[in-house]
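Have a look at the structure below before the remarks.
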Amino acid sequence: MRVMELAQFCASSRIVIVAGKGGVGKTTVVATLATMAARTGLSVLVVEVEGKSGLSAALGLPPLTYEEVEARPRLRVRALSADDALLEYLDQRGLHRISGRLVRSGTLDVVATAVPGMRDILLLGKVKQLEQAAAGPDLIVVDAPAAGHAITFLTSARGLQDAVRVGPVRHQADEVVALLADPARCQVLLVTLPEETPVNEVAETAFALEDRVGIALGPVVVNQCLPARWSGSPHAVADATRARCDLDADDAVALDRATAFVGARRAIQLEQIRRLATRLPLPQIHLPFLDEEIGPTGIDHLADAFAAQVATLRAP
Amino acid sequence: MSALADLLDHRHVLVCCGTGGVGKTTTAAALALAGAQQGRRVAVITIDPARRLADTLGLAGHTDAEVDRDRWDPEGRAPGRARLTAMMLDPSETFDGLVARYARNEEQRDRILGNRFYRNLAGALSGTQEYMAMERLHELHETGAYDLIVVDTPPTRHALDFLDAPQRLIRLLDNRVFRLMMAPARGALRVAGTALHLFVRQLGRVVGTGVVDDIVSFFRAFDGMEEGFRARADAVRTLLAAPDTAFVLVTSPRRDSIDEARHFAERITDHGLTVDALVANRVLPAFAEADAAADLRARATALRDRPATDDPDADAAGRRLADRYDTLADLAVVAARERAVLTEAATAMGTRPVYVPYLDHDVHDLGALREIGRHLVG
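Line order of the protein sequences matches chains A and B.
Using the numbering used here, read the first sequence as starting at 1 and increasing by one per residue.
Using the numbering used here, read the second sequence as starting at 1 and increasing by one per residue.
Spelled out as structure tokens, the structure:
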């Protein structure tokens, strides 16, 4: 079997959109992937599109703005907003006189409601522009909206082609559709937890994205997997007797309760991981549950774990 | 009596808030069940419950269902008048209902329901779901059929979105640009009108004239109805600010979720509201004392450092015991950190968190909901 080189994995598309249901640790995965890619020597830009996320905390930065900041060598981060993207877009096309008014008068809200997905198109259009910039980064990692919203986020370009027949927004939609359908330019990395509802949801999201957007899907990242070292049967007394050592009675109870608990939780996780494999024929990357706060150190550990598993993926 | 048991006994509305993925829906269902057990007639409005939870609540294929008494109260302990009804939100249906209610006549209603802008408005994911949850709450309140209404809020990134939803919708419907376009053009307004038409024409160049036509005809059709919507939004706001409405904030013990909870607690005061209870969901149980980790690791090391004997089975048993001590130490560290972060946040918010432990099984059936309820009400 030919296995995947880490550098090859990180460079397999220019844009990686990371998507998943709220609470699954999507932002952690964004920071992990970006850190891992920057380590291989790529210049990486992380883009946050949904306002305040834990991204700045994960990378040890102050809250993000529209301006790029450097988090680490070769790793830059910025936020994007639809309003800013629209203003910039209109300005570049000589329509700056109406752009400010659109936002100030609240008309943008009305128009964005009339054209569902217009905000998404503007954001993805801006990502596309970043991709095509002359001195653009090697890899752009996008922290997408939560699943459900992620489907809308990625399907809106097609929907918009029906609603808007002419004009710059239509043009933008066409370009975004082309971007999303090209696996060398763009792929989606889905994130989930080894739990029932997140597994169902990630499978539904994956099929919706494949059917409706035709977008390439990378491996599914299963986050917060309890470590295998947390295993063992709840028979501390038996082992203590066998090992001929003293075991405090309170310790015996605590050890057995703890091992029974993690045993039960791991069993649930493993069952869900198996179920995910049956429902969704994509390779899986398992990131460990971190017993530390999510911050730059934790992200480094996760990047190690991610990189180690890329080495086991089959090369395309 | 615990803070939550007290709320369940005396309040009329409980709003469960929090970011997506923290277990709001489960918490709302467990609170509703606990309220029924305390003898109240309870309705719980859920939004997008996980399939097995929906089945448990009898919502498979229905948008509302009364849960059979012998299912939620198998031991027959709850007072006779208690009831438990579960509901699931169908945003588009309710929104159409509102339009039908406020429309002057059938013609206006049909013009709006058939408008493409309206269909987008009713179907847009963000905003309307939040609005409809509040709308449904108000409807149930009006019926007077329930002592207690527990509302789950939609899984938004920002927990506060549902509070702003009615106002956002009103702002949208009130948009000056489109309103002015329909005003009769006289005197000074004619000048404004010309500038507006120019603006709208330019807008058409950006998004296409078909879109702008849809919007304009929507606002024409909608004309006169915004008063009804505004009155309704005010009524919802009054209901939320009523003294017998309580806000239950649900968080996971993870830092990002707690930060968002703190932000919510600060912002909600801008609306003249307060968080009445903080639920820390899925908190790792403390299997050992919080400060025992170092001690536990020392025991693990001592066991590993024992010289090998001529009994390999005994040595292996010693190593297994050492591994367990390490696991216990890891769990103690995580549990202590979760509690420290939660305590710090709760102190800053001036409240005491109610801990719901991370269980060794998933919560799908009424038995598990009762178990969660016991932890919630203490």
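For glycine and all other residues, C-beta sits at the position ideal for the given N, C-alpha and C.
- Within its own chain, the residues whose Cβ lies closer than 6 Å to the Cβ of Gly232(A), once the five positions on either side in sequence are excluded, are Thr259, listed in chain order.
- Remark: C-beta atoms of Arg242(A) and Asp323(B) do not approach each other more closely than 8 Å.
- Within chain A, the residues whose beta carbon sits less than 7 Å from that of Asn175(B) are Gly106, Thr107 and Val110, listed in sequence order.
- For the pair Leu57(B) and Ala65(B), the CB atoms are nearer than the 8 Å cut-off.
- Secondary structure of Cys10(A) (DSSP, three-state): helix.
- Residue pairing by DSSP puts His286(A) in a beta bridge opposite Val222(A).
- Unbroken alpha helix (DSSP H) stretches of 4 residues or longer found wholly inside the stretch 37-124 of chain B: 51-56, 69-72, 91-102, 106-113 and 116-123, given in chain order.
- Taking a Cβ-Cβ cut-off of 9 Å, the neighbours of Pro168(A) in chain B comprise Arg205, Val206 and Val207, given in sequence order.
- Contact annotation, Gly20(B) with Gly22(A): C-beta distance approximately 3 Å; criterion of less than 8 Å satisfied.
- Interface annotation for the stretch 238-253 of chain A against chain B: Asp239, Ala240, Arg242, Ala243, Arg244 and Cys245, criterion Cβ-Cβ distance under 7 Å.
- Neighbourhood of Gly94(A) in chain B, by CB distance below 9 Å: empty, with the nearest CB roughly 11 Å away.
- Against chain B, the CB of Glu5(A) has no partner CB under 8 Å away; the residue lies outside that interface.
- Cβ atoms of Ala233(B) and Ile170(B) come within 8 Å of each other, at about 5 Å.
- Between Leu321(B) and Asp239(A) a beta carbon distance of about 5 Å is seen, short of the 8 Å cut, so the two are scored as contacting.
- Per DSSP, Leu90(A) is not a residue of any beta strand (DSSP E); the alpha helix (DSSP H) it occupies stretches across Ala82 to Gln92.
- With contacts defined by Cβ atoms closer than 8 Å, Val77(A) and Val191(A) do not form a contacting pair.
- Going by beta carbons, Thr245(B) and Val13(B) fall inside the 8 Å limit.
- Look at Tyr355(B): its C-beta is not under 8 Å from any C-beta on chain A.
- Per DSSP, Gly60(A) lies in no beta strand (DSSP E) and is assigned neither H nor E.
- Restricted to the stretch 124-212 of chain A, the alpha helix (DSSP H) segments that are unbroken, complete and at least 4 residues in length are 149-163, 168-180 and 196-212, listed in chain order.
- Secondary structure at Arg229(A): coil, using DSSP grouped into helix, strand and coil.
- Annotation for Val151(B): the continuous beta strand (DSSP E) segment containing it runs Leu148 to Asp152.
- Against chain B, the CB of Leu270(A) has no partner CB under 8 Å away; the residue lies outside that interface.
- Taking 8 Å as the CB threshold, Pro285(B) lines the interface with chain A.
- In chain order, Ala332 place their CB closer than 6 Å to the CB of Ala292(B), counting only its own chain and leaving out the 5 sequence neighbours on each side.
- In this structure, the beta-carbon distance from Arg352(B) to Ala345(B) does not fall below 8 Å.
- By the neighbour-count criterion, in which a residue is buried when 16 or more other Cβ atoms sit within 10 angstroms of its Cβ, Gln92(A) is exposed.
- Around Ala157(A), the same chain offers Ile121, Ala173, Val176 and Val177 as residues with beta carbons nearer than 6 Å, after the five sequence neighbours per side are excluded.
- One finds nothing in chain A with a Cβ atom closer than 8 Å to the Cβ of Ala221(B); even the nearest lies about 14 Å away.
- By the neighbour-count criterion, in which a residue is buried when 16 or more other Cβ atoms sit within 10 angstroms of its Cβ, Thr343(B) is exposed.
- Beyond the five residues adjoining it in sequence on each side, Phe9(A) comes within less than 8 Å, by CB distance, of Val310 and Leu313 in the same chain, given in chain order.
- An exposed status is given to Gly100(A), since fewer than 16 other beta-carbon atoms sit within 10 Å of its beta-carbon.
- For the C-beta of Asp84(A), not a single chain B residue is nearer than 7 Å; the gap to the nearest is close to 16 Å.
- The beta carbon of Trp230(A) sits closer than 6 Å to those of Val262, all from its chain and outside the five residues before and after it, given in chain order.
- A Cβ of chain A is located within less than 8 Å of the beta carbon of Thr327(B).
- Between the stretch 108-118 of chain A and the stretch 62-79 of chain A, the count of Cβ pairs shorter than 8 Å is below three; the stretches do not touch.
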